[in-house]
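**Q** Numbering (the numbering used here), first residue to last: -18 to 544. Here it is, the structure in full.
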């Protein structure tokens, strides 16, 4: 593949970094983060190897759901700045070689959005059909509630018009009627607006809900001929509108098994979502970590669909901005993970997910933590990190729900973790305390410690960027007699790597065979001074520490990269 083609598909070998604007850096002393604060940290992000920022919602919002309840999709919440601050952030990021994507919420709005306020005035006003209403009682829908601790169903009765409206999430987040052509036109206008301001694409929220035909058929005059045609139309618009500024993307939140995700890529045509988060592999990964056995993760990687276009890419993550959901695991598997990493009820979200960060789950073991991030960067696909992961931030279980992992970024050991000069009582979120608090974990200290998580992540990102086969290659799981060790190869064109990860605390000597390679082939470790070669049987034995990891590049003739 030529360099120009790989450049257009930049996301296949990128490093994504998710930022909650409210908790990243307060540049004004207001107590909450802002866009200018992020701009001040662009050089820090570039230094650690980030190539694409994902900004969580900064739009005007009552913030009942961390900003995903949007009251104005075209606006900038004045707490975070204004459009001038946003454009300056884009300009500085692009100047440093970073791309920027923003959240696109097409499933719902806030109940404070002007569209919904208008829709409630009467049953025949022009905005009524922007949402999904029904006149008959929907009955018990408690089993469909996404937030069972807060909602007892997905329909809420509106006394003003005496009908029910649909909301898959909170009742303050009414679902948009995406079967309505007017709503679709509004969404494309919205995309065009932010693309014109320079964004490089969108992280698309709750995609399956936005095209869930089951809640619309038989209830509305508008019906999709084919629900996925909506995603195709958004992709076509994105490609048409962004054609002059490189390849813009849609990164979709699709929490489904692999076989169902294929349709959201557009199958062999690849004409829908550009990228999707791989929730299935993430959940199997945590099952492997809990068992300290590679089999569940290996099974997930083997189940990745084949035949997808090169334009379709998976996004891998260890931690995201929500709870770590486990709903794609069997009930007994969910309990295994919860027992291992969330043994106390306060560590769980709605009894079904984890509201913790990795350092707490791993009891602060730096070996296990570094191994997990090595695994993240070597899984086939593109790594996505949540802010603070690069320094080993922990959670704050004293705050409710998902907010436990959305605490202020810990920049220094000073007051408020260097996040804000405001009084502690004025902070929008409480700073984490305890063993992972800022006096123990902060970016300033990590920059000066060559053995810190920050330097580890920086090195992994650098090696990842130097190894396009990790983001582009085809993956093969290599059988080994050790159940605790995952060995896989990734090959792209004439380049190959062998990746080894020991999920257990005990050291091991790992035998493996690489069919198809010549005896005497050199395997050079990119993270150490060691190397080995294949014997006459194309085999070798690799010693590994407890929670050890190896990145072995096949030293092929004609490869001019530095080893």
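Even glycine gets a Cβ: it sits at the ideal position worked out from N, Cα and C.
Could you round the C-beta distance between residue 35 and residue 222 to whole angstroms and report it? I think they count as a contact, below 8 angstroms.
**A** With a contact defined as Cβ atoms closer than 8 angstroms, residue 35 and residue 222 miss out at about 20 angstroms.
**Q** Measuring straight from C-alpha to C-alpha, what distance separates residue 512 and residue 535?
**A** C-alpha of residue 512 to C-alpha of residue 535: approximately 10 angstroms in a straight line.
**Q** For residue 506, decide whether its Cβ has a neighbour in chain D, counting only Cβ atoms nearer than 7 angstroms.
**A** Absent from the structure is chain D; it holds one protein chain and no more.
**Q** In three-state DSSP terms, what is residue 183?
**A** strand
**Q** Count the other C-beta atoms from every protein chain shown that fall within 10 angstroms of the C-beta of residue 336, then say buried if there are 16 or more, exposed otherwise.
**A** With 16 or more other CB atoms across the displayed protein chains lying within 10 angstroms of its CB, residue 336 is buried.
**Q** Please return the same chain residues whose Cβ sits closer than 8 angstroms to the Cβ of residue 496, not counting the five positions on each side in sequence.
**A** 519
**Q** Is the segment 142 to 150 in contact with the segment 87 to 98, if contact means three or more CB pairs nearer than 8 angstroms?
**A** yes
**Q** Quick check on the burial criterion: 16 or more other C-beta atoms within 10 angstroms. Buried or exposed for residue 406?
**A** exposed
**Q** Within this structure, are the beta carbons of residue 186 and residue 234 separated by less than 7 angstroms?
**A** In this structure, residue 186 sits near residue 234, with a CB-CB distance shorter than 7 angstroms.
**Q** For a test of the three-state rule: what should DSSP assign to residue 123, helix, strand or coil?
**A** Three-state result, residue 123: helix.
**Q** Roughly how far, in whole angstroms, is the beta-carbon of residue 439 from the beta-carbon of residue 29, given that I think they are within contact range, below 8 angstroms?
**A** Indeed they touch by this definition, with Cβ atoms about 5 angstroms apart.
**Q** Counting along the chain, where does the alpha helix (DSSP H) carrying residue 264 start and finish?
**A** 260 to 272
**Q** Would you say the segment 274 to 293 touches the segment 244 to 253, given that touching needs at least three Cβ pairs under 8 angstroms?
**A** yes
**Q** Around the Cβ of residue 332, are there at least 16 other Cβ atoms within 10 angstroms (buried) or fewer (exposed)?
**A** exposed
**Q** With distances taken Cα to Cα, identify the nearest neighbour of residue 321 among 339, 308 and 309.
**A** 339
**Q** Less than 8 angstroms between C-beta atoms, sequence neighbours within five positions excluded: which residues of the same chain meet that for residue 352?
**A** 482, 483, 484, 528, 529 and 530
**Q** Would DSSP call residue 242 helix, strand or coil?
**A** Annotated three-state conformation of residue 242 is helix, per DSSP.
**Q** Starting from residue 16, trace the alpha helix (DSSP H) in both directions and tell me its first and last residue.
**A** 16 to 21
**Q** Going along the chain, which residues of its own chain have a beta-carbon closer than 6 angstroms to the beta-carbon of residue 358, five neighbours each way excluded?
**A** 364, 441 and 445
**Q** Helix, strand or coil for residue 495 per DSSP?
**A** coil
**Q** Pick helix, strand or coil for residue 479, following the three-state DSSP scheme.
**A** Three-state result, residue 479: strand.
**Q** For a quick check, are the C-beta atoms of residue 488 and residue 526 less than 7 angstroms apart?
**A** yes
**Q** Who are the near neighbours of residue 367 in its chain, counting only those whose CB is closer than 7 angstroms to its CB and skipping five residues on each side?
**A** -1, 300, 301 and 302
**Q** Is the CB-CB distance between residue 398 and residue 380 below 7 angstroms?
**A** no
**Q** Going by C-alpha to C-alpha distance, which of 466, 447 and 462 sits closest to residue 478?
**A** 447
**Q** At what residues does the alpha helix (DSSP H) containing residue 83 begin and finish?
**A** Counting along the chain, residue 83 falls outside any alpha helix (DSSP H), though it belongs to the beta strand (DSSP E) covering 80 to 86.
**Q** What separation, rounded to the nearest whole angstrom, lies between the Cα atoms of residue 31 and residue 135?
**A** 38 angstroms
**Q** For residue 138, count the other beta carbons within 10 Å of its own beta carbon; 16 or more makes it buried, fewer makes it exposed. Which is it?
**A** exposed
**Q** Give the secondary structure of residue 139 by DSSP, where H, G and I count as helix, E and B as strand, and everything else as coil.
**A** Residue state, collapsed to three classes: strand.
**Q** Of all the options 349, 394, 265 and 9, which has the alpha carbon lying nearest to the alpha carbon of residue 417?
**A** 394
**Q** When you compare only the Cα positions, how much space is there between residue 369 and residue 308?
**A** Roughly 25 angstroms between the two C-alpha positions.
**Q** Nearest to residue 23 by CA position, among 42, 101, 345 and 70, is which residue?
**A** 70
**Q** Reducing DSSP to helix, strand and coil, say where residue 96 ends up.
**A** Here residue 96 sits in helix by DSSP.
**Q** In chain order, what residues of the same chain have a beta carbon less than 6 angstroms from the beta carbon of residue 11, not counting five sequence neighbours either side?
**A** Taking C-beta separations shorter than 6 angstroms and ignoring five residues to either side along the sequence, residue 11 has no partners in its chain.
**Q** To the nearest angstrom, how far is the alpha carbon of residue 8 from that of residue 25?
**A** 15 angstroms
**Q** Do residue 281 and residue 567 come within 7 angstroms of each other at the CB atom, strictly closer than that value?
**A** For the chain, the structure presents residues -18 to 544; residue 567 sits outside this window and is missing.
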